[in-house]
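Here the structure is laid out as structure tokens; the discussion comes afterwards.
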């Protein structure tokens, strides 16, 4: 099996935080917690609200970012049996989920399906892989206010020692400071100007805390339960984003691009030096690895971005909400992704109306928007297709999945787990 990932042009992030707010946060976030950002669109136009895609791509199925060296380890989007079971436990009958009239997967076949979140029985053997059918299904739009708590979902996770990514162990057991996370988000309200529903700020973001530890798969289950999502959908997205790696680096500390971090700043990007300097303050000086004003924008197992173009005039320091939480903690990264999908599914991302007929209740559209920052565009639908194939194939259950890892470099040595 070769590797498959979508460390691509994601516009995923949030508006940044001004320098005065960062100064206030520094004292409160001594543990190095910083603050996400949203990237520019491929046209350089300022999206009206939080989004999840950046210009330039390193997805194996699209034009790669010119600043990123080509990889020989990228894996085709699908390679397993054409009869993978759907989320309900039935089989789709083909490797690709059924298509709607618009060409996107039907949510009633192999895609995310609405229903009541399943309850784990805990009866499965303690060392087996998750059920192909998953344990949680997509809860309807109207139930957001009654979604279960962190602790309730921790009790509902089907526990198993199965861990195809032991490299994630440290990040899987890193608890971020929930209060610092909440302060970071509170300092960056995003619902102004009718960009999102006000509940995005006063309910959704304040619910993100990353307060769970466990195996990589247990984290997917926990976040799916917490946000009323399909755990299989989160697993499939993580296949595309990082091949399930939270963060890989070489012994020197140099990151392994596309294995838990990527979307490097293109050379010559306006404001990149400011952004990279701030990342160095709260994380690592990646400019020592890649050159002045070049550093990664996306971090974590599901690709949470940390960048905003200063031309927007909103955040001189280009930091906001997620970094370095998204780099350090697997649970935070997945918690954040799941929150964005829930908010979008609820119909709260009003800015998506600018790019299509956005409506509540279309989870596939929201998965595409996580990647593309717009609604059922060509980029978004391409990502939907790729994620749906991983979902139909249940890639994480393939026999060689545990052996898929970044290769050694003649220059930098063999990758090691986590942040060095």
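Numbering (the working numbering), first residue to last: 96 to 515.
Note that the Cβ used here is the ideal one computed from N, Cα and C, for glycine as well.
Just so it is clear, the structure is predicted and the values come from calculations on it, not from any experiment.
(request) Confirm, please, whether the CB-CB distance from residue 481 to residue 299 is below 8 Å. (result) To locate residue 299, count along the chain shown from 1; it is residue 204. To locate residue 481, count along the chain shown from 1; it is residue 386. In this structure, residue 481 does not lie closer than 8 Å to residue 299 by Cβ.
(message) Quick check on the burial criterion: 16 or more other C-beta atoms within 10 angstroms. Buried or exposed for residue 435?
(response) As a first step, residue 435 is located in the chain shown; it is residue number 340 there, counting from the start. Result: buried.
(message) Let me make sure I understand the geometry here. Which of 484, 487, 488 and 461 has the alpha-carbon closest to that of residue 475?
(response) For the purposes of this step, residue 475 is taken as the residue at position 380 of the chain shown. When each option's Cα is compared against that of residue 475, the closest is 461.
(message) Once the 5 residues before and after residue 289 are set aside, which same chain residues still bring their CB inside 7 Å of it?
(response) Position 194 of the chain shown, counted from the first residue, corresponds to residue 289. Excluding positions up to five away in sequence, the list reads 445.
(message) Just to confirm the assignment, what range does the beta strand (DSSP E) spanning residue 460 have?
(response) Locating residue 460 in the chain shown gives position 365, where the first residue counts as 1. Not the beta strand (DSSP E): residue 460 falls in the alpha helix (DSSP H), residues 458-467.
(request) Name the one or two DSSP bridge partners that residue 511 has. (result) One-based indexing of the chain shown puts residue 511 at position 416. In DSSP, residue 511 forms a bridge with 344.
(message) Taking the alpha carbon of residue 338 as the reference point, which residue from 498, 515 and 507 has its own alpha carbon closest?
(response) In the chain shown, residue 338 corresponds to position 243, counting from 1. Across the set 498, 515 and 507, the C-alpha of 498 shows the shortest separation from the C-alpha of residue 338.
(message) Taking only three categories from DSSP, how would you classify residue 149?
(response) Translated into the one-based positions of the chain shown, residue 149 becomes position 54. Low per-residue confidence applies at residue 149: pLDDT is 29, beneath 50, and the placement is therefore not dependable, though the value from the model is reported in the following sentence. Of the three classes helix, strand and coil, the one that applies to residue 149 here is coil, per DSSP.
(message) Residues in the same chain with beta-carbon distance under 7 Å from residue 249, minus the five sequence neighbours each way, listed in chain order, please.
(response) Position 154 of the chain shown, counted from the first residue, corresponds to residue 249. If we look at residue 249 and ignore the five residues flanking it on each side, its Cβ neighbours are 307 and 317.
(request) Could you give the DSSP three-state label for residue 391: helix, strand or coil? (result) Counting from one through the chain shown, the residue named residue 391 turns up at place 296. It is a strand residue.
(request) Tell me whether residue 504 sits in a helix, a strand or coil according to DSSP, three-state version. (result) The residue given as residue 504 occupies position 409 in the chain shown. The answer is strand: DSSP assigns residue 504 an E or B state.
(message) Let me check understanding here. Comparing Cα to Cα, which of 396, 451 and 449 lies closest to residue 427?
(response) On the chain shown, position 332 is the one that residue 427 refers to. When the alpha-carbon of residue 427 is set against those of 396, 451 and 449, the nearest one is in 396.
(request) Please list, in chain order, all residues of the same chain as residue 548 whose beta carbon is under 8 Å from its beta carbon, the five residues on each side excluded. (result) Lying before the first or after the last residue shown, residue 548 is absent from the chain, which here runs from 96 to 515.
(request) Please state if the CB of residue 514 and the CB of residue 432 are separated by a distance shorter than 8 Å. (result) The sequence position of residue 432 within the chain shown is 337, counting from 1. The sequence position of residue 514 within the chain shown is 419, counting from 1. No. Outside cutoff.
(message) For residue 328 and residue 466, I'd like the C-alpha separation in whole angstroms.
(response) For the purposes of this step, residue 328 is taken as the residue at position 233 of the chain shown. For the purposes of this step, residue 466 is taken as the residue at position 371 of the chain shown. About 14 Å.
(request) Mind listing, in chain order, the continuous beta strand (DSSP E) runs of no fewer than 3 residues lying wholly within the segment 308-361? (result) 356-359, all fully within the segment 308-361.
(request) For residue 492, name the three-state secondary structure that DSSP assigns. (result) Sequence index remark: in the chain shown, residue 492 carries index 397 (1-based). Here residue 492 sits in helix by DSSP.
(request) Count the other CB atoms, across all protein chains shown, that sit within 10 Å of the CB of residue 495; report buried if there are 16 or more and exposed otherwise. (result) Taking the chain shown and counting its residues from 1, one reaches residue 495 at position 400. Its Cβ having fewer than 16 others within 10 Å, residue 495 is exposed.
(request) Would you tell me roughly how many angstroms separate the C-alpha atoms of residue 342 and residue 236, rounded to the nearest one? (result) Start at 1 with the first residue of the chain shown, and residue 342 comes out as number 247. Start at 1 with the first residue of the chain shown, and residue 236 comes out as number 141. Each residue's alpha carbon lies about 33 Å from the other.
(request) Locate the alpha helix (DSSP H) running through residue 382, then write down its first and last residues. (result) Residue 382 sits at position 287 when you count from the first residue of the chain shown. It spans 382-385 - the alpha helix (DSSP H) in which residue 382 sits, taken as one unbroken run.
(request) Specify whether the segment 371-379 and the segment 417-427 touch according to this definition: at least 3 beta carbon pairs, one from each stretch, less than 8 Å apart. (result) Yes: at least three Cβ pairs fall under 8 Å.
(request) Return no unless some Cβ of chain B is closer than 8 Å to the Cβ of residue 383. (result) In the structure shown, chain B does not exist; there is a single protein chain.
(request) Kindly list the residues whose CB is nearer than 6 Å to the CB of residue 274, restricted to its own chain and excluding five residues on each side of it in sequence; keep chain order. (result) For the purposes of this step, residue 274 is taken as residue 179 along the chain shown, with counting starting at 1. Same-chain partners within the cutoff: there are none.
(message) Measuring only the C-alpha atoms, how far is residue 276 from residue 270?
(response) Position 181 of the chain shown, counted from the first residue, corresponds to residue 276. Position 175 of the chain shown, counted from the first residue, corresponds to residue 270. If you take the alpha carbons of residue 276 and residue 270, they lie about 11 Å apart.
(request) In angstroms with no decimal places, state the Cα-to-Cα distance between residue 512 and residue 268. (result) On the chain shown, residue 512 is found 417 positions in, with the first residue counted as 1. On the chain shown, residue 268 is found 173 positions in, with the first residue counted as 1. Each residue's Cα considered, the two are about 13 Å apart.
(request) Give the DSSP-derived three-state secondary structure of residue 270 in the structure shown. (result) The count along the chain shown starts at 1 and reaches residue 270 at position 175. DSSP places residue 270 in coil when its eight states are reduced to three.
(request) Use the C-beta contact count for residue 506: other C-beta atoms within 10 angstroms, 16 or more gives buried, fewer gives exposed. (result) Position 411 of the chain shown, counted from the start, is the residue given in the question as residue 506. The Cβ neighbour count for residue 506, taken over all protein chains shown within 10 Å, is under 16; the residue is labelled exposed.
(request) Taking residue 313 as the reference, give the member of 349, 259 and 503 with the closest Cα. (result) Along the chain shown, one-based indexing puts residue 313 at 218. Of the listed residues, the one whose Cα sits closest to residue 313 is 259.
(message) If I measure Cβ to Cβ from residue 280 and keep anything under 6 Å in the same chain, skipping five residues before and after, which residues do I get?
(response) Taking the first residue of the chain shown as position 1, residue 280 is located at position 185. Excluding residues within five positions, the ones whose Cβ falls inside 6 Å are 300 and 416.
(message) Closest to residue 265 by C-alpha separation, out of 309, 222 and 244, would be which residue?
(response) Translated into the one-based positions of the chain shown, residue 265 becomes position 170. It is 309.
(request) Select from 508, 492 and 503 the residue whose C-alpha is nearest the C-alpha of residue 228. (result) What you label residue 228 is simply residue 133 of the chain shown in a count that begins at 1. Ranking 508, 492 and 503 by CA distance to the CA of residue 228 puts 492 first.
(request) Would you identify the three-state DSSP class for residue 242, choosing helix, strand or coil? (result) Sequence index remark: in the chain shown, residue 242 carries index 147 (1-based). Note: residue 242 maps to coil in three-state DSSP.
(message) What would DSSP say about residue 252, mapped onto helix, strand or coil?
(response) As a first step, residue 252 is located in the chain shown; it is residue number 157 there, counting from the start. Correct three-state label for residue 252: coil.
(request) For residue 501, I'd like the list of residues in its chain whose CB is within less than 6 Å of its CB, leaving aside the five on either flank, ordered along the chain. (result) On the chain shown, residue 501 is found 406 positions in, with the first residue counted as 1. Result list for residue 501: 343, 351, 354 and 510, in chain order.
(request) Using a threshold of 8 Å, state whether the C-beta atoms of residue 478 and residue 463 are closer than that. (result) Stepping through the chain shown from its first residue, residue 478 is reached at position 383. Stepping through the chain shown from its first residue, residue 463 is reached at position 368. Their beta carbons are under 8 Å apart, which means residue 478 touches residue 463 by this criterion.
(message) Taking the beta carbon of residue 340 as the centre, do at least 16 other beta carbons fall within 10 Å, making it buried, or is it exposed?
(response) Stepping through the chain shown from its first residue, residue 340 is reached at position 245. So residue 340 ends up on the buried side.
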